[in-house]
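6 protein chains.
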Amino acid sequence: MSDSTPRHDGRAVDQLRDIRITRNWLDHAEGSVLVEFGRTRVLCAASFTEGVPRWRKGSGLGWVTAEYAMLPRSTNTRSDRESVKGKIGGRTHEISRLVGRSLRSIVDMKQLGENSIVLDCDVLQADGGTRTAAITGAYVALVDAIETGRAAGHLKRTATPLTGSVSAVSVGIVGGRPVLDLDYVEDVDAETDMNVVMTGDGRFVEVQGTAEGDPFDRGLLDGLLDLAMGGCAELTRLQQAALDAPAREVQR
Amino acid sequence: MSDSTPRHDGRAVDQLRDIRITRNWLDHAEGSVLVEFGRTRVLCAASFTEGVPRWRKGSGLGWVTAEYAMLPRSTNTRSDRESVKGKIGGRTHEISRLVGRSLRSIVDMKQLGENSIVLDCDVLQADGGTRTAAITGAYVALVDAIETGRAAGHLKRTATPLTGSVSAVSVGIVGGRPVLDLDYVEDVDAETDMNVVMTGDGRFVEVQGTAEGDPFDRGLLDGLLDLAMGGCAELTRLQQAALDAPAREVQR
Amino acid sequence: MSDSTPRHDGRAVDQLRDIRITRNWLDHAEGSVLVEFGRTRVLCAASFTEGVPRWRKGSGLGWVTAEYAMLPRSTNTRSDRESVKGKIGGRTHEISRLVGRSLRSIVDMKQLGENSIVLDCDVLQADGGTRTAAITGAYVALVDAIETGRAAGHLKRTATPLTGSVSAVSVGIVGGRPVLDLDYVEDVDAETDMNVVMTGDGRFVEVQGTAEGDPFDRGLLDGLLDLAMGGCAELTRLQQAALDAPAREVQR
Amino acid sequence: MSDSTPRHDGRAVDQLRDIRITRNWLDHAEGSVLVEFGRTRVLCAASFTEGVPRWRKGSGLGWVTAEYAMLPRSTNTRSDRESVKGKIGGRTHEISRLVGRSLRSIVDMKQLGENSIVLDCDVLQADGGTRTAAITGAYVALVDAIETGRAAGHLKRTATPLTGSVSAVSVGIVGGRPVLDLDYVEDVDAETDMNVVMTGDGRFVEVQGTAEGDPFDRGLLDGLLDLAMGGCAELTRLQQAALDAPAREVQR
Amino acid sequence: MSDSTPRHDGRAVDQLRDIRITRNWLDHAEGSVLVEFGRTRVLCAASFTEGVPRWRKGSGLGWVTAEYAMLPRSTNTRSDRESVKGKIGGRTHEISRLVGRSLRSIVDMKQLGENSIVLDCDVLQADGGTRTAAITGAYVALVDAIETGRAAGHLKRTATPLTGSVSAVSVGIVGGRPVLDLDYVEDVDAETDMNVVMTGDGRFVEVQGTAEGDPFDRGLLDGLLDLAMGGCAELTRLQQAALDAPAREVQR
Amino acid sequence: MSDSTPRHDGRAVDQLRDIRITRNWLDHAEGSVLVEFGRTRVLCAASFTEGVPRWRKGSGLGWVTAEYAMLPRSTNTRSDRESVKGKIGGRTHEISRLVGRSLRSIVDMKQLGENSIVLDCDVLQADGGTRTAAITGAYVALVDAIETGRAAGHLKRTATPLTGSVSAVSVGIVGGRPVLDLDYVEDVDAETDMNVVMTGDGRFVEVQGTAEGDPFDRGLLDGLLDLAMGGCAELTRLQQAALDAPAREVQR
């Protein structure tokens, strides 16, 4: 397939889906975002609390962690609840750990001080790319939670707990060519699927590529990385725009 | 306190909060509703599938069940996920069972035939009355799921699986007087808290009253039942109005 | 069916089964009762211990909680053990919570001081009404446990931790008419099943009514409440009689 | 200590506690026994059902299994429920397996045919020797369950599923000398504790001896075995006497 | 079968399999042994840590415990992992408890001081007698762990935490005659299976005999005990020989 | 640090640790390998069974899956067993899934036919790179298991279920420069850690890179990929050498 043939939904190979970042979607959470990558819809709630887990007490360092989950009917056919099954599946574990590591990569724990932030990323509707949407939205919720914590006096006025921004996007080889930000239909067809997490200044935090079908060679790998760099740069711009809008203005 | 003193949010004692019923909030589910009782926000997804659980096979009867859960940061302070704890708490169990029984009370399982409907009620934001909002919203999602199932040919054109409608509301004794549809602030203060589930034609499906403080006498109990009857009648009208709107018109 | 037609076991509609309350059935427990409602047989053990759970320490308040369970062969056909299944079912959770709330409703936690009482209600044989028998028996065991704790010096001589007594009974609509204290055969047939918990002075602690078949109207609801008030008054008299007997006199 | 010094409760070294075997303590179970070894009280329910577990289907063989558990306040201080903890402890597992093996040792599975018997042994009160009381009582319940199954036509009239009887007793070294049927006080003091399961004709099914304190030599071991043989012979007589009484005559 | 007929693998009735005890099989553990009884291969790791569990703090006493497990493909056909099933089976529980008790029988907890030793016995390959191999190997690992703890200064130079040595062997009745150290083929055929744990000076720590087929009489029991005494004496010599070899000399 | 400065253990930046691949380490498994990357020691057992999981029956396709686990004392300090904790941790889940996907990438499920292979990778000793050692060793065990299955007649003589070979290695940025095959000491220090799985013909199956410290730029990423390609090529040669040796010749 040539690079100029449009994708099944009309997008160019290097084009993101429609991205919407709605801040303050919840009333209670210190930061919250409803993030949408096309039909994928993830609710990110950032909970800021004073204090840290026991094993970190007295260290002077903060803590950031994340939990990812899907509502049972976020998907095309209903899945059983992990709470009902009584255990969390491997995929959920994996993604929760990924989201946590990604957010921690841009937090200076010393500047955060002994405060904790939990990022709950709940997929309300899934159409591919839920983990990358979660990371991208969680960053914005994290920024708001830190400012809420600061306003409540838990952080010094001059503290700078963020060393940068972070976003994530999926890339994959579909029909033999690299494409950006796969939706569910493309994801099913992809020979290779890669999730890339990057900082706002263009460095890599995570690269996770998997050959679903045939193994891929170095050339295709380089092509995927190029696409991901462009996608993350665009997401960084959209995160910044959402954060520049007056707080609580963008409403559900 | 006299009956005419306004409540902390300005409502009359027999006044519901603002109720919003948004149909088709999800793209995949056969029926879905985002129901709001004031700031309480519950996402109800109805999944229609052919076939019934093994123990019911060959009976010619359908099956309707429900699962209720709260997102960890739906509440004022974050709660641990039940999936992470590895077990479902007693309260979750209780409410899931209540929602299921309530919905089954207006379904004719013979007319439904060997089809199953699961109602997932996930609380996105909690401000009191989440179980009554869940029942009220789930009914609307159920109606849509049945029509989706009929359109897909899983139900006869002439089947009438619904014997009526169902809604629910909380009532309680706050400051010594019965009030309708308590929010979280009132719920905390209530001496008695009662959840009432009723059919559209004014009969009772469930009455669950608990004295949180002093036990209550028969007179107060009668007063609470009166209030609940009025509240459910109003909710029935709002459910009908939502269902009368053209499908997919009311959008997020 | 007319109100004067006798029930399947010969009782009048407003007649309790034979009630037996045997105190001190166990040697170790601070209070213990084998309570029988006809063939329903529940062993209630009240464990009094100094101290309270961590979250209540330093409050000066006591704590009362309950756990309900059924032996696997208490029922007509054997049920799997919840310990073997590795989790407690929704029904068990619900009833444990109900018993605990009911008993707490007549305890003055300040007068109890920082002491804990756990009420274990284990159903040895089930024939309908196990939860109401559990509450009725647990109250008597609780009284004995408090006196044992007082004798051991954990309570002041003058402390009055009990604000009243509590008992419970089931009522239901069977064959179209309200009846009191359903056994298993009636329970299966009941269109509506209601459990009512009341204090000795005739006020309500819990009202839990469920339409198993057709929803019920206000008139039937009022009839059920009337029956329950009479039943609980009788149970209160029987509890008092058991407590008036010399301790350890009534023996297995 | 000389062999003629009486034990703390006045018994001779080779004397059992008072043994009571009450048949038909339950109304639903196919066989049931309340067995008492002094203050130790175990309820044994035998459930007879047609059919066998899946892995045994078509073999023509029956199946016998057992579950042992303690009520939370059977003991001196309350223990947490295994159902609440979500898992069964090692001791419970061990004893359940022991009871099952012991009963199976005297069942001819071919004669039982494809029927199953589950023996539930629930300790209502514990004062040492609960597992040996459980085995001794379960045998009697098993006999009754087999006759109930035969009466219901699930067994041939001429089938002889029992190859003998089985009973069990504990022995131990207390104060340097072997004693029979230890109660809790002796059990705590014992240097060595041994449980012995024997058939009615004096052969061994299980021998489980543990040095709690100092290891024991062959001479003491031989002395313990002698005592156990005498105790089991006496228990065999008591089981037979209970079974010889007219069914349902001995009542609670 | 006469006592002089050789066994299926050519051994005499009172002959052990080839026993190999390889010390220091692991680099990290304070003591470690790969013990082999013929094809049965168990890795015993002894972890020495300062401090004791919370319930033992301040007692001045040490703690020794053990965990036994089988790798999924240690057996002839693969078994499911207990970690995947989410619970430990009864057999694993039983053996872990047996190994712990056996090792504790020769430890003077006062001399050990407030230090803990955990013995992990993981069966890499199973061919009968895994629990007895585990005990026999764990003793050697325990000795090494104590010396490592002493060298690290956690024990006084003069402390003597060991009161003796411990080993274990299985005996059983196969083909009507007692034999020593059964392998898997014999274990399957055995009418009676007995595990015996003894101290180096010839006293009994545990005797666990089970009739798998016919119950056994006192004469056979005595014969089994004789055989076990001889087997444990030989194992004691082999343990000592392994410990006499220069540390780290015997290598994988 | 310059590229020619030796590493803490004297290795060059592009040098593997000593690799040992011992085939047939177990007697029962259809294929088994003890693989060592320096002091990291992983036992890989491949279990070949006829038939496939239920969801795959009748498809004509085979199935390959993997389970990874660490022995509690494989590490420097003892970890709790996942079977005792009652749940599998996220890291274990992640690695099991990775090993399974990696092996499946070179299996032609059609050629395998309706047979299943489970790869159990148990870490006996951990010193960095356990997951890459597991994949590298599991491939060799898989080859042997397939040949065992073929010899047993479960595969056609002419079936070619393997489309190639697979190996894995870790690379990372330590002291600012990319190095190959990190041991534990380096792993702890690494700013970035990447695991790369490749086929024998030099294509990528998985690329999983994580910035533990600072995010990394594209240049460093390219350098890591270069190193990994060299390492996997060498591992491929060592796998082939092990497989070329006569079966059962290389012994423990």
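Chains as they are written, first to last, in UniProt numbering: chain A, 1 to 252; chain B, 1 to 252; chain C, 1 to 252; chain D, 1 to 252; chain E, 1 to 252; chain F, 1 to 252.
Glycine residues also receive a C-beta, built at the ideal position from the N, C-alpha and C atoms.
(message) Quick check: what's the CA-CA separation for B:A136 versus B:L238?
(response) For the record, residue 136 of chain B in the displayed sequence is Thr; it is not Ala. If I take the Cα positions, the gap works out to 10 Å.
(message) Against chain B, with Cβ distances strictly below 8 Å, would C:T210 count as a contact?
(response) yes
(message) Give me, in chain order, the residues of the same chain whose beta-carbon lies closer than 7 Å to that of B:V33; leave out the 5 immediate sequence neighbours on both sides.
(response) I21, T22, R23, W25, C44, G137, V140 and A141
(message) B:V197 and B:S102 - do their beta-carbons sit closer together than 8 Å?
(response) yes
(request) Spatial neighbours of A:D127 within its chain, please: CB distance less than 7 Å, with the 5 preceding and 5 following residues excluded, ordered by chain position. (result) G38, R39, T40, D183 and Y184
(request) Report the rounded CA-to-CA distance for C:D226 versus C:Q240, giving the unit in angstroms. (result) 22 Å
(request) Check A:W55 in the structure and name its three-state DSSP category. (result) Here A:W55 sits in helix by DSSP.
(request) Report yes if the C-beta distance between E:A69 and E:T92 is below 8 Å; otherwise report no. (result) yes
(message) Check whether chain F comes within 8 Å of E:A183, counting only Cβ atoms and requiring the distance to be less than that.
(response) Here residue 183 of chain E turns out to be Asp, not Ala, going by the sequence shown. No, because no Cβ of chain F sits closer than 8 Å to the Cβ of E:D183.
(request) Mind listing the chain C neighbours of B:F48? Cutoff is C-beta to C-beta under 7 Å, in chain order. (result) Near B:F48 there are no residues of chain C at all, since even the closest Cβ is about 24 Å away, more than 7 Å.
(message) Taking the beta carbon of E:K57 as the centre, do at least 16 other beta carbons fall within 10 Å, making it buried, or is it exposed?
(response) E:K57 is classed as exposed because its beta carbon has fewer than 16 other beta carbons within 10 Å across all chains shown.
(message) Three Cβ pairs or more, each shorter than 8 Å: is that satisfied between the stretch 166–175 of chain C and the stretch 189–206 of chain C?
(response) yes
(request) Jot down the residue ranges of each uninterrupted beta strand (DSSP E) in the UniProt domain "Exoribonuclease phosphorolytic" (15–145) of chain E, minimum 3 residues, whole runs only, in chain order. (result) Listed in chain order, the beta strand (DSSP E) elements of length 3 or more contained wholly in the UniProt domain "Exoribonuclease phosphorolytic" (15–145) of chain E are 19–23, 31–37, 40–50, 63–70 and 115–125.
(request) May I ask which residues mark the beginning and end of the beta strand (DSSP E) holding A:T210? (result) F204 to A211
(message) Counting only Cβ-Cβ distances shorter than 8 Å, please list the residues of the stretch 2–30 of chain B near chain C, keeping chain order.
(response) none
(request) Kindly list the residues whose CB is nearer than 7 Å to the CB of F:L71, restricted to its own chain and excluding five residues on each side of it in sequence; keep chain order. (result) D122, V123 and L124
(message) As a quick exercise: from D:H8, D:G100 and D:K85, pick the residue whose alpha carbon is nearest that of E:A211.
(response) D:G100
(request) Step through the CB atoms of chain B and report whether any lies within less than 8 Å of the CB of C:S105. (result) Answer yes: the Cβ-Cβ gap between C:S105 and chain B drops below 8 Å somewhere.
(message) In whole angstroms, give me the CA-to-CA distance for D:D9 and C:E147.
(response) Cα-Cα distance, rounded: 29 Å.
(request) Spatial neighbours of E:L224 within its chain, please: CB distance less than 6 Å, with the 5 preceding and 5 following residues excluded, ordered by chain position. (result) V171, P178 and M194
(message) Between A:N115 and chain B, is any beta-carbon pair separated by less than 8 Å?
(response) no
(message) For B:V200 and C:T160, I'd like the C-alpha separation in whole angstroms.
(response) One detail in the question is off: residue 200 of chain B reads as Gly in this sequence, not Val. For B:G200 and C:T160, the distance between alpha carbons rounds to 48 Å.
(request) Compile a chain-ordered list of the residues in the stretch 116–127 of chain B whose CB is closer than 9 Å to at least one CB of chain A. (result) If the cut-off is 9 Å between Cβ atoms, the stretch 116–127 of chain B has V118, D120, D122, L124, Q125, A126 and D127 near chain A.
(request) Indicate whether at least one CB of chain A lies closer than 8 Å to the CB of B:A45. (result) yes
(message) Do F:L243 and A:V207 have their beta-carbon atoms positioned less than 8 Å apart in this structure?
(response) no
(request) Could you spell out where the alpha helix (DSSP H) holding F:L220 opens and where it closes? (result) R218 to D244
(request) Give a yes or no on whether the minimum CB-CB distance between A:V64 and chain B is below 8 Å. (result) No - not a single Cβ of chain B is within 8 Å of the one on A:V64.
(message) Only counting the same chain, and skipping five residues up and downstream in sequence, which positions put a Cβ closer than 8 Å to that of D:G86?
(response) none
(request) Assuming B:I19 contacts B:L235 (C-beta within less than 8 Å), just tell me the rounded distance between them. (result) 7 Å
(request) Take the Cβ of B:W63 as the centre, count every other Cβ of all protein chains shown within 10 Å, and call the residue buried at 16 or more, exposed below. (result) buried
(request) For chain D, find out if any of its Cβ atoms is closer than 8 Å to the Cβ of E:F204; answer yes or no. (result) yes
(request) Check E:R177 in the structure and name its three-state DSSP category. (result) DSSP places E:R177 in strand when its eight states are reduced to three.
(request) Within its chain, find whatever has a CB closer than 6 Å to the CB of F:V250; leave out the 5 residues flanking it on each side and keep chain order. (result) Bear in mind that a pLDDT of 42 at F:V250, under 50, signals an unreliable position, so the model cannot answer this.
(request) Would you list the one or two residues that DSSP bridges to A:S167? (result) For A:S167, the pairing in a beta bridge is given by DSSP as A:M198.
(request) For the alpha helix (DSSP H) holding A:D187, just list the boundary residues, first then last. (result) Segment Y184 to D189, the alpha helix (DSSP H) holding A:D187.
(message) Would you say C:G90 lies against chain B (beta-carbon separation less than 8 Å)?
(response) yes
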